[in-house]
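Asks: The sequence shown begins at 40 in the working numbering and counts up one residue at a time. From the three backbone atoms N, C-alpha and C, an ideal C-beta is built for every residue, glycine too. Since we're looking at a predicted model, the values are computed, not measured.
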Amino acid sequence: MSLRHLDQLLEPSSVAVVGASDRPGAVGTTVWHNLRQGGFAGPVWPVNLKRQALDGEPVFRRVAQLPSAPDLALVCTPADTVAGLVGELAAAGCKAVVVMTAGLDAAQRQSLLHAARPTRLRVLGPDCVGLMSPHLKLNASFAHTQALAGELAFVSQSGALVTAVLDWATSRGIGFSHLLSLGEHADVDFGDLLDHLANDGRTRGILLYIESIESPRKFMSAARAAARNKPVIVVKAGRAGQGVPAAASHTGALTGADIVFDAAIRRAGMLRVDTLQQLFLAAETLARFKGQAGGALTVLTNGGGAGVMAADAAAGLGVPLAPLSPSLRARLDDLLPPHWSRDNPIDIVGDAPADRYVAALQAVLATPLEGTLLFVQAPTAIVPSAEVARSVLPVLRPHRQRVMGCFMGEASVAEARRIFEQAGIAGYATPEEAVQAVALLATHARNQEALREAPSPSALPAADARAARGLIDTVLSAGRAWLSEAESKQLLAAYGIPVVATTACAVDAEAAVQAADVLGYPVAVKIISQDIVHKSEAGGVLLNLSDAAAVRSGVAAMLARLRQERPAARLEGLSVQRMARRPLAQELIVGASVDPVFGPVLLFGAGGTAVEVLADRAVALPPLNRALAAELVSRTRVSRLLAGWGDRPPAAADALHDVLIAVARMLADLPELAELDINPLWADDQGVLALDARARLSPERPAGEAAFAIRPYPKSLVEAWDWHGRPVTLRPIRPEDEAQHLRFLEAVDPEDMRLRIFSSRRHLPRSELARLTQIDYEREMALIAEADAPGGGRETLAVVRALSDADGQEAEFALLVRSDCKGRGLGGRLLDKMIDHLRQRGVRRLVAWVLRENRGMIGLGRSRGMAVEVSPDDHEVLRLVREL
40 MSLRHLDQLL
50 EPSSVAVVGA
60 SDRPGAVGTT
70 VWHNLRQGGF
80 AGPVWPVNLK
90 RQALDGEPVF
100 RRVAQLPSAP
110 DLALVCTPAD
120 TVAGLVGELA
130 AAGCKAVVVM
140 TAGLDAAQRQ
150 SLLHAARPTR
160 LRVLGPDCVG
170 LMSPHLKLNA
180 SFAHTQALAG
190 ELAFVSQSGA
200 LVTAVLDWAT
210 SRGIGFSHLL
220 SLGEHADVDF
230 GDLLDHLAND
240 GRTRGILLYI
250 ESIESPRKFM
260 SAARAAARNK
270 PVIVVKAGRA
280 GQGVPAAASH
290 TGALTGADIV
300 FDAAIRRAGM
310 LRVDTLQQLF
320 LAAETLARFK
330 GQAGGALTVL
340 TNGGGAGVMA
350 ADAAAGLGVP
360 LAPLSPSLRA
370 RLDDLLPPHW
380 SRDNPIDIVG
390 DAPADRYVAA
400 LQAVLATPLE
410 GTLLFVQAPT
420 AIVPSAEVAR
430 SVLPVLRPHR
440 QRVMGCFMGE
450 ASVAEARRIF
460 EQAGIAGYAT
470 PEEAVQAVAL
480 LATHARNQEA
490 LREAPSPSAL
500 PAADARAARG
510 LIDTVLSAGR
520 AWLSEAESKQ
530 LLAAYGIPVV
540 ATTACAVDAE
550 AAVQAADVLG
560 YPVAVKIISQ
570 DIVHKSEAGG
580 VLLNLSDAAA
590 VRSGVAAMLA
600 RLRQERPAAR
610 LEGLSVQRMA
620 RRPLAQELIV
630 GASVDPVFGP
640 VLLFGAGGTA
650 VEVLADRAVA
660 LPPLNRALAA
670 ELVSRTRVSR
680 LLAGWGDRPP
690 AAADALHDVL
700 IAVARMLADL
710 PELAELDINP
720 LWADDQGVLA
730 LDARARLSPE
740 RPAGEAAFAI
750 RPYPKSLVEA
760 WDWHGRPVTL
770 RPIRPEDEAQ
780 HLRFLEAVDP
790 EDMRLRIFSS
800 RRHLPRSELA
810 RLTQIDYERE
820 MALIAEADAP
830 GGGRETLAVV
840 RALSDADGQE
850 AEFALLVRSD
860 CKGRGLGGRL
870 LDKMIDHLRQ
880 RGVRRLVAWV
890 LRENRGMIGL
900 GRSRGMAVEV
910 SPDDHEVLRL
920 VREL
């Protein structure tokens, strides 16, 4: 990803229009007209071989004749000229181009990129509508109307959607910081723009219309960073897209492209909406409703029907209604007619004059209000809606960050809506629309909470990677793709997942009896066949065989039936396992597959033979920790059963979460793992137990950590070190380290803290601690030194942190050593390890800002070959620099 020259793309100081024209219907004519009419203050230069002047402005025949290099060029010429013109613009020093031309073939597109590459000129498009930056009055597009200035950015792969959103927003008085049409996104894509807009002070919220993602890891890194800073709302086309191709497992059948995209959006802390109407609704809410949705909803209305509509919408969308406190109910009893609703929704009765609205709202807002207040008014002949709006505005305005307004109707309430809009109060046409807005923001808040939640450490033992690797190599060398049930369970056991004891034997009743005698009765017997994927459906499973006679007769009958009904199926053996007795266990499925876009994914849901019929499942992107695993489980209906009901105690949640974490580790460690089903996985208060498992391998290695959309924990950086006789572990920080990291910061002397991070503050809010421990290993790194603590557990002794720029060219680092550990080589060892890591990642320069009085850090920097420079802005601050 790269932020290079995006400032010149979105906020240029000069613009050239290559292909500017006055020919009716030409794109160059519309672009030139829009740019001129928009009022852009900088120089605007037309370029055209066949014109001498346009609108009184001299026309330049060639790019080389321009007075100076434009920051931004808009290219509106035939496809076969684009690459050459981009090359001329790059040579002239132009920083960014918008290619509006459509119809470039693959060779022309590649030539375009080749021409831009030497100077890193940025390209938006080709085949795009263009862009707008309304605060600059920059309309570099062929859209049909100008955009209002505002705080929302809209980025779309569809040019038609840009113009539709623009039309809608203008009619509602909603403005934008930027609007961009990506077109074919040959260069500038969602990841680049998310990184830029996340740090754009004019942008408060980001709206995306997505049709496809080509660089999932880049997208996820940028999306997670942006969503931590401001709301990001996504509408995705293609809900009916195809699932994983050629899937043969239950997991493959249940995991489709759309549910995986949903999981990615949720994991990034963004909000997905289903329709353009919801996108517009989210945009309206972001533009008007400044508060944080959450808690319960309080509805105050003059119509019982309107209140019922709001309550029904809230029930359908899972938005709770706030109970009225006894004191508030008593206060409203004094203010309202005897036949008021006496509950939430608060119906103040249809004949309400303006002062009744005011008194009721004052009473409600005088009590501590958590969540959202929805004010709904239906027009009556008693008092005009505009008068109601003017009367209640002084009461509502101080609380507008938690207030939504709904004036029901059209012409008779238009002025009332305008009054609320001008006061900055969020307004909606219907109660249902307002409640839907509350639900959207509540979903966004939950996604944000999941993004910040600190997990507890997993109790999983270290995996037996050698055993797993040997098993996979054996199966692949035999030319097989599917592991047998027994082999699949061996794989699970290597990663610490409890499995029921299973023995494979020949396709023979007596062999099965011998295996059952060893295991002990009762047993289950299942066929082993590459040709029969779902054994139960084919009649290839026998359960609860109580003795040798039952095994002998059952196996003989099963084999006879299969030879008659499935004569072509090859039977490689029989699987015999002891029947487990856990009558209160819940049947679950845990699976893994590989999505063609986002790579490895995990599935969890209700299991058993009817798993595809029930389709109670949720999907998540690895890697996982316990908090993320718990969130995955919570999105299924079966999670309510796992919480306990009737005489069933709650299932052992940590044990279940650890199974999901183990499968995520398998996907990272074993690139050949293409599909995995654990079905059923039993879960009860005693723990978990895998009764059946099925895994498919692929020599194409579709999994592995390189295929993850989110870079997993870099365990290769974990290192044991003897520090003056004390065993110390050097490793990357983990989300599970939050409490330990807080203890570390609290143990640092305030003066040491000030010298290193220019602040003596040691007590951090949860949100900031989450940022320090839940890092994106793709673009940042924090290495800690930890050791056993004297009182038990582990303690952090030092940390070095480095954040790379979006271009991966420069990384800024900071080093902090616990005050009682200074001066003994710990910081230098950590810094050396960080330097090695950054060099391997391709970072070219390492920098740090240091107070002049921090002689220890300056000396350490110099000892590692760093130059010391004085800051031009503050002579008390020095800059340490080392080229890597």
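(1) From this set, 224, 728, 246, which residue's C-alpha is nearest residue 194's C-alpha?
(2) For residue 655, count neighbouring Cβ atoms within 10 angstroms of its own Cβ and tell me buried if that reaches 16, exposed if not.
(3) Let me check understanding here. Comparing Cα to Cα, which of 346, 624, 76, 42 lies closest to residue 691?
(4) Can you tell me whether DSSP reads residue 664 as helix, strand or coil?
(5) Between which two residues does the alpha helix (DSSP H) carrying residue 470 extend?
(6) Quick check on DSSP: helix, strand or coil for residue 457?
(7) Note down, in chain order, each residue of its chain lying with its Cβ closer than 8 Å to the Cβ of residue 534, except the 5 sequence neighbours on either side.
(8) Can you have a look at residue 911 and say buried or exposed, based on whether 16 or more other CB atoms are within 10 angstroms of its CB?
(9) Determine whether the beta carbon atoms of residue 220 and residue 190 lie at a separation below 8 Å.
(10) Measuring only the C-alpha atoms, how far is residue 397 from residue 466?
(11) Measure the alpha-carbon distance for residue 152 versus residue 126 and round it to whole angstroms.
(12) Check this for me: beta carbons of residue 184 and residue 205, under 8 Å apart or not?
(13) Under a three-way DSSP split, which group does residue 281 fall into?
(14) Have a look at 528, 863, 346, 538 and flag the residue whose alpha-carbon is nearest the alpha-carbon of residue 474.
(15) Looking at the structure shown, is residue 852 part of a helix, part of a strand, or coil, going by DSSP?
(16) Identify which residue in 430, 253, 741, 232 has its Cα closest to the Cα of residue 632.
(17) Going straight from the alpha carbon of residue 570 to that of residue 604, what length do you get?
(18) What's the gap between the Cα of residue 429 and the Cα of residue 262?
(19) Assuming residue 98 and residue 85 form a contact by the criterion Cβ under 8 Å, report the distance between their Cβ atoms to the nearest whole angstrom.
(20) Determine the extent of the beta strand (DSSP E) in which residue 404 is found, giving its start and end residues.
(21) In chain order, what residues of the same chain have a beta carbon less than 6 Å from the beta carbon of residue 352, not counting five sequence neighbours either side?
(22) For my contact list, residue 707 and residue 774 are in at a C-beta cut-off of 8 Å; report their separation, rounded to the angstrom.
(23) So, under 8 Å CB-CB, residue 542 and residue 552 are touching, yes? Tell me the CB distance rounded to an integer number of Å.
(24) If you follow the beta strand (DSSP E) that residue 414 is part of, which residue opens it and which one closes it?
(25) Shortest alpha-carbon distance to residue 480 belongs to which of 771, 149, 441?
(26) Going by beta carbon distance, what residues of the same chain come within less than 7 Å of residue 45, once the five residues before and after it are set aside?
(27) Do residue 312 and residue 336 come within 8 Å of each other at the CB atom, strictly closer than that value?
(28) Quick one: measure Cβ to Cβ for residue 111 and residue 188, integer angstroms, because I've assumed they're closer than 8 Å.
(29) For residue 89, does the count of other Cβ atoms within 10 angstroms reach 16, so buried, or fall short, so exposed?
(30) For residue 58 and residue 67, what's the separation of their Cα atoms in angstroms?
(31) So residue 637 and residue 299 are supposed to be a Cβ contact under 8 Å. How far apart are they, rounded?
(32) List in chain order: all unbroken alpha helix (DSSP H) runs of 4+ residues lying wholly within the stretch 690-763.
(33) In the DSSP assignment, the alpha helix (DSSP H) including residue 657 goes from what residue to what residue?
(34) State the DSSP-derived secondary structure class of residue 526, mapped to helix, strand or coil.
(35) Does residue 256 come out as helix, strand or coil in the three-state DSSP assignment?
(36) Check whether the Cβ atoms of residue 815 and residue 260 sit closer than 8 Å, and answer yes or no.
Replies: A quick look at the data gives this:
(1) 246
(2) buried
(3) 624
(4) coil
(5) 470-491
(6) helix
(7) 499, 502, 503, 507, 701, 702, 704, 705
(8) exposed
(9) no
(10) 18 Å
(11) 9 Å
(12) yes
(13) The predicted position of residue 281 is uncertain, since its pLDDT is 47 and thus under 50; a value taken from the coordinates is nonetheless stated next. Three-state DSSP puts residue 281 in coil, outside helix and strand.
(14) 346
(15) strand
(16) 741
(17) 13 Å
(18) 41 Å
(19) 5 Å
(20) Note, residue 404: premise wrong, no beta strand (DSSP E); alpha helix (DSSP H) at 393-405.
(21) 471, 474
(22) The pair is not a contact, with the Cβ atoms about 16 Å apart (cut-off 8 Å).
(23) Actually they are not in contact, since the Cβ atoms of residue 542 and residue 552 sit about 12 Å apart, beyond 8 Å.
(24) 411-416
(25) 441
(26) 161, 231, 235
(27) no
(28) Rounded, the Cβ-Cβ distance is 19 Å, inconsistent with contact.
(29) exposed
(30) 5 Å
(31) 5 Å
(32) 692-708
(33) Segment 656-659 is the beta strand (DSSP E) holding residue 657; no alpha helix (DSSP H) there.
(34) helix
(35) helix
(36) yes
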